[in-house]
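If you read the protein sequences in the order shown, they are chains A and B.
Here my numbering is used: the first residue of the first sequence is 1, the next is one more, and so on.
Here my numbering is used: the first residue of the second sequence is 1, the next is one more, and so on.
Protein chains: 2
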Amino acid sequence: MRDEELQTVLPAAEANDKAEVRPLRRRKAQIRESNEAHLLASAESVFAEKGFDGASTAMIAERAGLPKANLHYYFPTKLTLYRRVLEDLFEDWHKAANTFDASADPVAAIGGYVRTKMALSRRRPLGSKVWANEITHGATHMRDILVERVKPWMDTRIVVINGWITQGLLAPVDPQALLFMIWATTQHYADFEAQIKALAGPRKLSQQAFAETTEQVVDMIIRACGARTPPRD
Amino acid sequence: MRDEELQTVLPAAEANDKAEVRPLRRRKAQIRESNEAHLLASAESVFAEKGFDGASTAMIAERAGLPKANLHYYFPTKLTLYRRVLEDLFEDWHKAANTFDASADPVAAIGGYVRTKMALSRRRPLGSKVWANEITHGATHMRDILVERVKPWMDTRIVVINGWITQGLLAPVDPQALLFMIWATTQHYADFEAQIKALAGPRKLSQQAFAETTEQVVDMIIRACGARTPPRD
DNA sequence: GTCTATAGACGGATAGAC
DNA sequence: GTCTATCCGTCTATAGAC
């Protein structure tokens, strides 16, 4: 499709634009945004199914409804695209992570975090698989994210958890072992979806069943760390 | 190396063989066994690092110290080799799984199973990664193992767990959710090794630290399902 | 910004001499 | 049973017309 045609398809609507941004350039930016978004979504699903090496740019492009050459126009290399998928996933993970607040009530904080992580596994299982796959294969393409972004987050939560233990609101657990258990258990429902389907039947993953399982997982983890609601003053 | 040479290298030692098995054939069988074993070990490590699609038969052969053509002599296709690795892994998993017995004491049974699974993650992390990778990518090459071997095992354990719940020795947990939590948490220490190293430091995975972590995990899971030692009669 | 055609490297698998 | 040479397909990435 030519730029001229796009112009006629999308007439006004740029009334609020800055004067120096011409309508044509704006339209091109929209095309770029849309195509990049499609490619990123397609890439997430292909990388989840095949892994980085197994995924082909041809399949990613095809699933996004574009010729392969266009993929390389937007993302110069397969690795560039992969990195963008990982960074995007981290942002989502990070938003979920911040629901684990430092409130005085560990039952609410941990329970809320587990529910959010379960919801994320439900909402974006493909992304979780890409993430898991990358780590299993050595995390070579995201070590910087782990060290510069995930580790600082974890260190602050370790302080919070140790604080709860000191106050007697939690059993004396190893905070890292607790966090690993939460991650492993919640992400299992995304990453091991195929196994769960084979063992428990597809019904196990229905909306209703997943909500019940979520509460089961919350209960187990709250018990696992011996969380107590703080006494009212 | 020629068969004649091998004959001279290995002189007697076949005294106990059946008469109809000639020494030369026996020696060939030993070569086959040794080469297959090397290839299987090498394949496990390459599949763990790169996944099925990412792994190349050239790299597997090289790591086993053989030319690529020899790999195809022992294993006609890459998929054949992969299947053998998966079947071998299942046998190991199955041995570990049977430490989860139906004893009257859930603390001993569950605790013992968790320790065995942690030991397996420690002893054979590459295998765990291959397994995880296969499931993440849809378990297409091992659905039969899941359905015919793992599921029957799981179903018997569900009965055992429900029995404990009925006796009041366990909180009323969903047995499947409990098993998934045990698998996810214990296998996390193998599959997410790279993340653990990046977040907790390599020291976290020392012999000593791992033993302590194992006990932490056992304690958390025992608490998670509210296991109680049965009263003495 | 789009798309056809293709370069150039590498993959799995095999032929055939030894 | 071993190994070199090679077939043929697919892959990433790019050139260049539109």
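Glycine is no exception: its CB is placed at the ideal position from the N, C-alpha and C atoms.
Query: Rounded to whole angstroms, what's the CA-CA distance from A/A132 to B/R25? Just pull it up for me.; Result: 46 Å
Query: Would DSSP call B/H141 helix, strand or coil?; Result: coil
Query: Can you tell me which of the three DSSP states A/M1 falls into?; Result: The pLDDT assigned to A/M1 is 37, lower than 50, so where the model puts this residue is not dependable; a value taken from the coordinates is nonetheless given after this. Three-state result, A/M1: coil.
Query: Is it buried or exposed, B/P51, if we count other Cβ atoms within 10 angstroms and call 16 or more buried?; Result: Rather than Pro, the amino acid found at residue 51 of chain B in this sequence is Gly. The residue in question, B/G51, is buried, as its Cβ has 16 or more Cβ neighbours within 10 Å.
Query: For B/E49, return the contacting residues in chain A, with the cut-off set at a CB-CB distance below 7 Å.; Result: H137 and G138
Query: Taking B/A119 as the reference, which of B/E215, B/Q167, B/V130 and B/M154 has the closest Cα?; Result: B/E215
Query: For B/R123, would you say it is in contact with chain A, using Cβ-to-Cβ distances shorter than 7 Å as the test?; Result: no
Query: Would you say B/N35 reaches chain A, if we count a Cβ-Cβ gap shorter than 7 Å as a contact?; Result: no
Query: To which residues of the same chain is A/W164 closer than 8 Å at the C-beta, ignoring the five residues directly before and after it?; Result: P106, L170 and A227
Query: Output needed for A/A102: all residues of its chain with C-beta closer than 6 Å, excluding positions within five of it in sequence on either side, in chain order.; Result: V160
Query: Could you tell me the alpha carbon to alpha carbon distance between A/V85 and A/W183, rounded to whole angstroms?; Result: 20 Å
Query: Near B/I145, what residues of its chain come up, given a Cβ to Cβ distance below 6 Å and the 5 sequence neighbours on each side ignored?; Result: F90
Query: Below 7 Å CB to CB, which residues in the same chain sit around B/P125 once its five sequence neighbours on both sides are set aside?; Result: A190 and E193
Query: Flag this pair as touching only if the region 56-70 of chain B and the region 62-71 of chain A have three or more C-beta atom pairs under 8 Å; answer yes or no.; Result: no
Query: To be precise: take each residue of the region 139-163 of chain A, compare its Cβ to all Cβ atoms of chain B, and keep it if any distance is under 7 Å. Which residues remain?; Result: A139, R143, L146, V147, V150, K151 and M154
Query: Going along the chain, which residues of its own chain have a beta-carbon closer than 6 Å to the beta-carbon of B/E46, five neighbours each way excluded?; Result: Going by the sequence as given, residue 46 of chain B is Val instead of Glu. Within the same chain, B/V46 has close Cβ partners A55, M59 and I60.
Query: Kindly indicate the opening and closing residues of the alpha helix (DSSP H) around B/L86.; Result: K78 to A97
Query: The alpha helix (DSSP H) with A/E148 in it runs from where to where?; Result: Element bounds for A/E148: n/a, residue is neither H nor E.
Query: From A/R2 to A/I31, what distance separates their C-alpha atoms?; Result: Residue confidence for A/R2 is low, a pLDDT of 35 falling below 50, so the modelled location carries little weight; the figure read from the coordinates is stated next. If I take the Cα positions, the gap works out to 11 Å.
Query: Report the residue ranges of all alpha helix (DSSP H) runs contained in full by the region 104-182 of chain A; include only those spanning at least 4 residues, in chain order.; Result: 106-123, 125-136 and 151-166
Query: Please confirm if A/G54 has its CB atom under 7 Å from at least one CB of chain B.; Result: yes
Query: Is B/V218 closer than 7 Å to B/G111 when the C-beta atoms are compared?; Result: yes
Query: Any beta carbon from chain B within less than 7 Å of A/D88's own beta carbon?; Result: no
Query: Between B/A209 and chain A, is there a C-beta pair that is closer than 7 Å?; Result: no
Query: Determine the extent of the alpha helix (DSSP H) in which B/P23 is found, giving its start and end residues.; Result: P23 to G54
Query: For B/V173, return the contacting residues in chain A, with the cut-off set at a CB-CB distance below 7 Å.; Result: Q216 and M220
Query: Tell me the DSSP secondary structure of A/A224 in three-state form.; Result: helix
Query: According to DSSP, simplified to helix, strand and coil, what is A/R232?; Result: coil
Query: Identify, in the order they occur along the chain, each residue of the same chain with its Cβ nearer than 8 Å to the Cβ of B/G168, setting aside the five sequence neighbours on each side.; Result: R228
Query: For the alpha helix (DSSP H) that contains B/L205, what are its first and last residues?; Result: Unbroken run through B/L205: none, as it is neither H nor E.
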